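Undergrad:
Residue numbers (my numbering): 17 to 229.
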């Protein structure tokens, strides 16, 4: 009796899968080698493809970097992350949720953030603008929108815009993530305590003055 053996057919990766693999590889190489040290050859090798495939998807190294920034720091991630919750009537609770998401994005992408911040001066003003927009704008639109709602409702002082308060909160959160990444720094408080304190400081500082009777 003749035995027929069926060999499994290896399917080639789809263009979408290849693009995602290139983006993930680029983020790792940028994190290890910096923006200047990272080469398209190294990124392609990390992704298991040739340079022609990389350029077919992104055309230039600059467009690849822009795509990496967009995927890792966009307010509308393309991955399987759940959508951000809709605003509620509890301003503090809403800010805590958005702040936790912000911290998570920064912590998960810290090597890439460090590489980008460390080499801004080598890439000119246009690149500097793109880098800062990518790194410091995670969830910024959502935070600004929520704080503007609070401002309109009289929950925060009218002279403090949503963008100003968002920048203040983001700066504190970013500093906390950086400090916790340093092995020699051992804060005597937890990340959750730091996050809550940052939110409370912003809210209390922006609290409307009580009207005199």
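Even for Gly, the Cβ is constructed at its ideal location relative to N, Cα and C. Keep in mind that this is a model prediction, so the values were computed, not measured.
By how many angstroms is the C-alpha of residue 36 removed from the C-alpha of residue 62?
TA: Cα-Cα distance, rounded: 12 Å.
Undergrad: Identify, in the order they occur along the chain, each residue of the same chain with its Cβ nearer than 7 Å to the Cβ of residue 2, setting aside the five sequence neighbours on each side.
TA: This structure does not reach residue 2, given that the chain is present from 17 up to 229, and the question cannot be answered.
Undergrad: Hey, how far is the Cα of residue 45 from the Cα of residue 83?
TA: The alpha-carbon atoms of residue 45 and residue 83 are separated by roughly 14 Å.
Undergrad: Assign residue 132 to one of three DSSP states: helix, strand, or coil.
TA: Of the three classes helix, strand and coil, the one that applies to residue 132 here is helix, per DSSP.
Undergrad: Going straight from the alpha carbon of residue 214 to that of residue 74, what length do you get?
TA: Between residue 214 and residue 74, the C-alpha separation is close to 39 Å.
Undergrad: Around the Cβ of residue 125, are there at least 16 other Cβ atoms within 10 angstroms (buried) or fewer (exposed)?
TA: Residue 125 is buried by the Cβ-count criterion.
Undergrad: Enumerate in chain order the residues of its own chain whose CB-to-CB distance from residue 112 is below 8 Å, with the five nearest sequence positions on each side excluded.
TA: Contacts found: 211, 212, 215.
Undergrad: Based on Cα-Cα distance, which residue from 219, 102, 80, 117 lies nearest to residue 56?
TA: Nearest of 219, 102, 80, 117 to residue 56, Cα basis: 80.
Undergrad: Can the beta-carbon of residue 119 be found less than 8 Å from the beta-carbon of residue 189?
TA: Going by C-beta atoms, residue 119 is nearer than 8 Å to residue 189.
Undergrad: Between which two residues does the alpha helix (DSSP H) carrying residue 207 extend?
TA: Start and end: 207-221.
Undergrad: What separation, rounded to the nearest whole angstrom, lies between the Cα atoms of residue 203 and residue 123?
TA: Distance between the alpha carbons of residue 203 and residue 123 is about 16 Å.
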